[in-house]
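S.K.: Quick note, the sequences are listed as chains Z and B, same order. Position 113 of the first sequence, counted from 1, bears residue number 420 in our numbering, the numbering being contiguous throughout. Position 106 of the second sequence, counted from 1, bears residue number 222 in our numbering, the numbering being contiguous throughout. Have a look at this one before I ask anything.
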Amino acid sequence: AQTVTQSQPEMSVQEAETVTLSCTYDTSESDYYLFWYKQPPSRQMILVIRQEAYKQQNATENRFSVNFQKAAKSFSLKISDSQLGDAAMYFCAYRGARQGGSEKLVFGKGMKLTVNP
Amino acid sequence: ETGVTQSPTHLIKTRGQQVTLRCSSQSGHNTVSWYQQALGQGPQFIFQYYREEENGRGNFPPRFSGLQFPNYSSELNVNALELDDSALYLCASSLGLAGGGTQYFGPGTRLLVL
């Protein structure tokens with residue numbers, strides 16, 4: 308069974324600085340997707356960024372980028388120029404890409420990010 | 117484009133009762149997944165529906181059941197409620213594998229079982 312581990316339950320960062328959130332996962336599959344979701348106090352889970360395992364290039368979305376290390380099964384999220392609105396719970400998630408299989412997401416326990424003004 | 121919506125937003129039930137939660141998928145999406153998120157935890161997969169058929173189920177008892185309608189909206193039913201069923205229930209829709217599997221979430225339904 309696939310597992311996702313977020314070992315840091317909480318982190319804080321100063322506004323305008325850079326922070327990196329770590330995530331490791333375990334799988335025997337060769338093809339899969341990885342995601343970072345953000346959940347602010349409003350509860351809605353918002354997609355931050357997505358990475359396909361077959362792509363060697365790390366995904367980027369504006370101030371958000373990932374460091375995907377497939378051999379190490381590591382998937383960290385870097386937030387540059389942190390803003391107050393980035394404060395939220397961040398979840399790392401895994402999804403297998405097996406054709407015909409369930410598309411369930413496997414989530415880590417999450418990490419609370421605080422942004423200090 | 118309409119996003120994923122869920123109703124109701126909050127619900128209070130007593131142990132032993134039954135509850136139905138509803139989800140409308142994002143326009144054009146044919147797959148709906150349901151997750152249970154206990155306080156302080158990551159979401160846990162309950163089950164998924166693809167074109168009205170169950171397409172995978174997590175480690176939840178049979179008293180958790182679901183349905184998907186021809187317009188791809190979905191219901192989650194929970195019978196014989198237990199205190200541990202208190203949680204945030206999240207619905208997510210996606211385009212299936214054709215869309216790369218990215219799931220978009222609704223705002224959730226907060227269920228409290230007393």
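Cβ atoms here follow ideal geometry from the backbone N, Cα and C, with glycine treated the same way.
Residues of chain B with CB closer than 8 Å to the CB of Gln425(Z), please, in chain order.
M.R.: One cannot answer for residue 425(Z) here, as it falls past the ends of chain Z, which runs 308 to 424.
S.K.: How would you label Asp201(B), buried or exposed, when you count the other beta carbons within 10 angstroms and need 16 or more for buried?
M.R.: For this step, residue 201(B) is matched to residue 85 along the second sequence. Buried, since its Cβ has 16 or more Cβ neighbours within 10 Å.
S.K.: Tell me the residue span of the beta strand (DSSP E) that contains Asp182(B).
M.R.: Position 66 of the second sequence, counted from the start, is the residue given in the question as residue 182(B). The sequence given here has Gly at residue 182(B), not Asp. Segment Phe180 to Gln184, the beta strand (DSSP E) holding Gly182(B).
S.K.: CA-CA distance, Asp388(Z) and Lys419(Z)?
M.R.: On the first sequence, residue 388(Z) is found 81 positions in, with the first residue counted as 1. On the first sequence, residue 419(Z) is found 112 positions in, with the first residue counted as 1. About 18 Å.
S.K.: Who are the neighbours of Thr412(Z) on chain B, taking C-beta pairs under 8 Å?
M.R.: One-based indexing of the first sequence puts residue 412(Z) at position 105. The amino acid at residue 412(Z) is misidentified as Thr; the sequence shows Leu. Residues of chain B passing the Cβ test: Ser149, Tyr151, Pro159, Phe161, Ala208 and Gln219.
S.K.: Just to confirm before moving on: does the CB-CB distance between Ala379(Z) and Asp338(Z) stay below 7 Å?
M.R.: On the first sequence, residue 379(Z) is found 72 positions in, with the first residue counted as 1. On the first sequence, residue 338(Z) is found 31 positions in, with the first residue counted as 1. Cβ atoms of Ala379(Z) and Asp338(Z): not closer than 7 Å.
S.K.: Taking only the alpha-carbon atoms, compute the straight-line gap between Thr125(B) and Gln219(B) and give it to the nearest angstrom.
M.R.: Here the question's residue 125(B) lines up with position 9 in the second sequence. Here the question's residue 219(B) lines up with position 103 in the second sequence. Computed Cα separation, rounded: 20 Å.
S.K.: Please decide whether Tyr340(Z) counts as near chain B, where near means a Cβ-Cβ distance under 7 Å.
M.R.: Indexing the first sequence from 1 puts residue 340(Z) at position 33. True, the Cβ-Cβ gap to chain B drops below 7 Å.
S.K.: Which residue wins for smallest C-alpha separation from Arg357(Z), given the options Asn423(Z), Leu412(Z), Thr421(Z) and Ala394(Z)?
M.R.: Within the first sequence, residue 357(Z) is the residue found at index 50, counting from 1. Per the Cα distances, Leu412(Z).
S.K.: Beta-carbon of Gln164(B) versus every beta-carbon of chain Z: anything under 7 Å?
M.R.: Here residue 164(B) corresponds to residue number 48 of the second sequence, with the count starting at 1. Yes, contact with chain Z.
S.K.: Over what stretch of residues does the beta strand (DSSP E) that includes Glu410(Z) continue unbroken?
M.R.: Start at 1 with the first residue of the first sequence, and residue 410(Z) comes out as number 103. That residue, Glu410(Z), is in no beta strand (DSSP E); it is neither H nor E in DSSP.
S.K.: Who are the neighbours of Asn146(B) on chain Z, taking C-beta pairs under 7 Å?
M.R.: Your numbering for residue 146(B) matches position 30 in the second sequence. In chain Z, no part has a C-beta under 7 Å from the C-beta of Asn146(B); the shortest such distance is about 11 Å.
S.K.: Kindly list, in the order they appear in chain Z, the residues whose Cβ is closer than 7 Å to that of Leu227(B).
M.R.: Within the second sequence, residue 227(B) is the residue found at index 111, counting from 1. Chain Z residues near Leu227(B): none, gap ~13 Å exceeds 7 Å.
S.K.: Tell me the residue span of the beta strand (DSSP E) that contains Cys139(B).
M.R.: Position 23 of the second sequence, counted from the first residue, corresponds to residue 139(B). That run of the beta strand (DSSP E) goes Val135 to Ser140.
S.K.: Output the distance between the C-alpha atoms of Ile353(Z) and Thr130(B), rounded to the nearest integer angstrom.
M.R.: What you label residue 353(Z) is simply residue 46 of the first sequence in a count that begins at 1. What you label residue 130(B) is simply residue 14 of the second sequence in a count that begins at 1. Their backbone Cα atoms lie some 31 Å apart in a straight line.
S.K.: Spatial neighbours of Glu368(Z) within its chain, please: C-beta separation below 8 Å, excluding the five flanking residues on both sides.
M.R.: Position 61 of the first sequence holds residue 368(Z). Cβ within range, chain order: Val355 and Ile356.
S.K.: Under a Cβ-count criterion, where at least 16 other Cβ atoms within 10 Å of its own Cβ denotes burial, should Asn171(B) be classed as buried or exposed?
M.R.: Here residue 171(B) is taken as the residue at index 55 of the second sequence, counted from 1. Residue environment analysis places Asn171(B) among the buried positions, since at least 16 neighbouring C-beta atoms fall within 10 angstroms of its C-beta.
S.K.: What separation, rounded to the nearest whole angstrom, lies between the Cα atoms of Thr312(Z) and Phe375(Z)?
M.R.: Translated into positions along the first sequence, residue 312(Z) becomes position 5. Translated into positions along the first sequence, residue 375(Z) becomes position 68. Rounded to whole angstroms, Thr312(Z) to Phe375(Z) spans 15 Å at the Cα level.
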